[in-house]
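Below is one structure, written out as structure tokens; comments come after it.
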Amino acid sequence: MQREAEAIAWIRRTVRATLPWGRFARSVTLLAGGTALGQVITVLVSPILTRLYTPEDFGIFGVYASILGIVTVVASLRYEYALPLPEDDETAANILVLCFVLLFGMVMLSWFVIHGLGSQIVTWANVPGLQPYLWLIPLGMLGAGTYQILNYWAVRKRDFPRIARTRLSRGVARAALQVGMGFAHSGPLGLLLGQLAGETAGSTSLGLAAWRKDRAPFKTVSLQGIRQAGTRYRRFPLFSSLADLLEALGLQLPQIIFAAFYGAKVAGWFALSQRVIAAPLNMVVDAVAQVYFGEAARLPKDDPKAMRRLFLKLTGRLAITGGVPVAVICILAPWFFTLVFGPEWEMAGRYVQIMGVMFAVRFAIVPLFHTLNVLERQDLYFLWESVRLVLVVGSLLVVKTLGFSDIAGIVAYSLSMMTAYVVLWLITWKALVKADQEGC
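Using the working numbering, the letters of the sequence shown correspond one by one to residues 487 to 926.
Below, the structure written as structure tokens:
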């Protein structure tokens with residue numbers, strides 16, 4: 487919690503001269519606090535889980551979570567990103583309905599794919615233990631897709647306290663079910679059901695709030711309104727959904743590839759490193775990114791130079807914020823993992839040690855990626871994701887082809903991801919400069 491407080495303090499000093507500070511600070515504090523508490527729970531129960539589940543169980547869980555992470559990003563074709571943008575709630579309501587129509591269609595499609603190709607998927611991924619649990623993928627897609635749609639409606643309404651509470655409830659639900667079923671000796675099923683509960687928790691609260699407070703706009707929803715809104719924001723499915731699919735592939739395929747190349751145990755070590763370090767970091771990054779998106783959406787048209795100043799200052803402050811935890815991670819991770827999670831998890835600590843610098847670069851750059859959405863330059867984001875996917879998957883394939891070990895694979899993964907994040911920053915900065923020049 488101390489690191490989150492320090493991060494918020496740095497952001498406060500950075501944006502004080504650019505935005506109405508009170509609103510931005512409270513929003514970041516609420517989201518960062520909610521996500522931090524949820525992830526604290528996840529991290530605190532991890533030493534229990536590593537004694538209830540084997541690395542192989544974590545490997546199966548990691549592959550399941552990765553598959554779910556890939557299919558969820560196209561659940562509503564990223565039309566939910568458009569929810570904060572319309573000036574009137576009537577247009578936004580039509581977008582929300584369109585999102586749910588697309589979600590239900592995608593869930594049905596995923597069920598047919600799992601039913602027809604499930605055996606081939608688990609064989610290729612080298613995790614036969616996942617076969618009995620493939621039916622959880624469509625359910626997970628429905629739960630996660632519902633939450634992300636309602637979450638962006640709440641972002642539109644700046645209902646950040648409620649979003650923060652749902653982030654906490656997701657962590658509680660995930661941890662409670664995974665620990666409870668672990669004591670029942672459920673095997674990997676306990677981890678999978680806990681993940682499903684975590685993806686779904688909070689949707690009811692967000693949905694009821696939207697219906698109670700914003701019922702009137704939904705009464706104006708029509709087929710014509712849905713078509714018009716879908717056409718107006720067609721760049722999101724054309725570019726953002728494809729770009730985010732590429733992002734998910736770039737982020738999630740390594741988990742599956744490590745299982746396919748090196749077995750479930752290596753995949754389990756990699757999964758624990760992501761659970762304990764990457765996931766908490768990413769949740770705080772996501773909280774900052776959502777608030778930045780909500781505020782920055784108003785800046786380019788009125789004052790492009792203000793966004794450039796905010797972009798540069800936040801990059802520097804976030805880079806500094808990530809420096810101290812990275813140093814600790816690099817030095818202490820193997821010892822920490824052995825002590826806290828048990829001797830058989832020491833290799834997961836070595837993975838974290840190798841990936842430390844990459845985590846710092848991600849923390850500094852990724853929160854600002856919504857700049858491209860605000861500028862409606864989803865085409866550039868799509869281009870970057872293509873480059874990142876080629877770098878990450880290509881490096882892992884080269885390492886395996888040359889016969890190197892899993893450690894070499896982790897090194898290649900870390901370097902390729904870090905390079906890709908630097909490229910993202912350069913692309914986004916060029917887009918900002920161009921927008922500023924066109925506005926002059």
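Note that CB positions come from ideal geometry on N, CA and C, so glycine has one too.
What's the call for H601, buried or exposed, on a 16-neighbour Cβ count within 10 Å?
exposed
What residue from A561, W639, V549 and H671 has the CA that sits closest to W755's CA?
V549
For a test of the three-state rule: what should DSSP assign to D645, helix, strand or coil?
coil
Rounded to the nearest angstrom, what separates W507 and F598 at their Cα positions?
Here the model assigns W507 a pLDDT of 44, short of 50, so the residue's position is not dependable and the matter cannot be decided.
Starting from V852, trace the alpha helix (DSSP H) in both directions and tell me its first and last residue.
Careful: V852 lies outside any alpha helix (DSSP H) and carries neither H nor E.
If you reduce the DSSP assignment to three classes, tell me which class Y539 lands in.
coil
DSSP three-state label for A670, please.
coil
Could you give the DSSP three-state label for R721: helix, strand or coil?
helix
Taking three-plus beta-carbon pairs below 8 Å as touching, is the stretch 569-579 in contact with the stretch 699-712?
Verdict: yes, contact present.
Contacts around L910, its chain only, beta-carbon distance under 7 Å, and the 5 residues preceding and following it disregarded
Residues I851, F855 and W870 of the same chain have their beta carbon placed closer than 7 Å to that of L910, with the five preceding and five following residues left out of the count.
Using 10 angstroms around the beta-carbon of P614, count the other beta-carbons present and answer buried if the total reaches 16, otherwise exposed.
exposed
is_contact[I546, chain B] using C-beta, thresh 8 Å:
Absent from the structure: chain B. Only one protein chain is present.
Can you name, in chain order, every residue of its own chain whose Cβ lies under 7 Å from the Cβ of L582, other than the five neighbours on each side?
Here the set comprises L569, I635 and W639.
Compare the beta carbon distance of I815 and L866 with 8 Å and say whether it is the shorter of the two.
The Cβ atoms of I815 and L866 do not sit closer than 8 Å to each other.
First and last residue of the alpha helix (DSSP H) that includes P703?
Per DSSP, P703 is one residue of the alpha helix (DSSP H) stretching across R701 to F704.
Return yes when the Cβ of D645 is within less than 8 Å of the Cβ of A695, no when it is not.
Between A695 and D645, the CB-CB gap stays under 8 Å.
Looking at the secondary structure, which residues open and close the alpha helix (DSSP H) in which I735 lies?
Looking at the sequence itself, residue 735 is Leu, so the reference to Ile does not match. L735 -> alpha helix (DSSP H) spans S727 to Y748.
Can you give me the Cβ contacts of A746 inside the same chain, cut-off strictly under 7 Å, excluding the 5 residues immediately before and after it?
W610, A611 and N612
Locate the alpha helix (DSSP H) running through I763, then write down its first and last residues.
Where I763 is concerned, there is no enclosing alpha helix (DSSP H), given that its DSSP letter is neither H nor E.
Going along the chain, which residues of its own chain have a beta-carbon closer than 6 Å to the beta-carbon of F725, five neighbours each way excluded?
Q864, D865 and F868
Nearest to S902 by alpha carbon, out of G889, V885 and K916?
V885
Please report how far the alpha carbon of L978 lies from the alpha carbon of W821, in whole angstroms.
Because the chain spans 487 through 926 in this model, residue 978 falls outside it and cannot be assessed.
Enumerated in chain order, which unbroken segments of the beta strand (DSSP E) with a length of 3 residues or greater are wholly contained in the stretch 612-645?
none
Can at least three beta-carbon pairs, one atom from the stretch 526-533 and one from the stretch 557-567, be found at a separation below 8 Å?
no
Where the alpha helix (DSSP H) containing Y867 begins and where it ends
Q864 to T887
From F547, F849, A765 and E862, residue whose alpha carbon lies closest to that of Q681:
F547
State buried or exposed for R713, treating a residue as buried only when at least 16 other CB atoms are found within 10 Å of its CB.
exposed
Can you tell me whether K699 is buried or exposed? The criterion is at least 16 other CB atoms within 10 Å of its CB, across all chains shown.
The residue is exposed, with fewer than 16 neighbouring Cβ atoms inside 10 Å.
Taking Cβ to Cβ, would you say P853 is nearer than 8 Å to L918?
no
Using 10 angstroms around the beta-carbon of F890, count the other beta-carbons present and answer buried if the total reaches 16, otherwise exposed.
exposed
Separation of A670 from L758, as counted between CA atoms:
21 Å
Would L538 and G668 qualify as a contact pair, given that the criterion is a beta-carbon distance under 8 Å?
yes
Kindly list the residues whose CB is nearer than 6 Å to the CB of A734, restricted to its own chain and excluding five residues on each side of it in sequence; keep chain order.
Taken in chain order, the residues that qualify are G555, I556 and V559.
Kindly indicate the opening and closing residues of the alpha helix (DSSP H) around S598.
What sits at residue 598 in the sequence shown is Phe, not Ser. Counting along the chain, the alpha helix (DSSP H) containing F598 begins and ends at D575 to W610.
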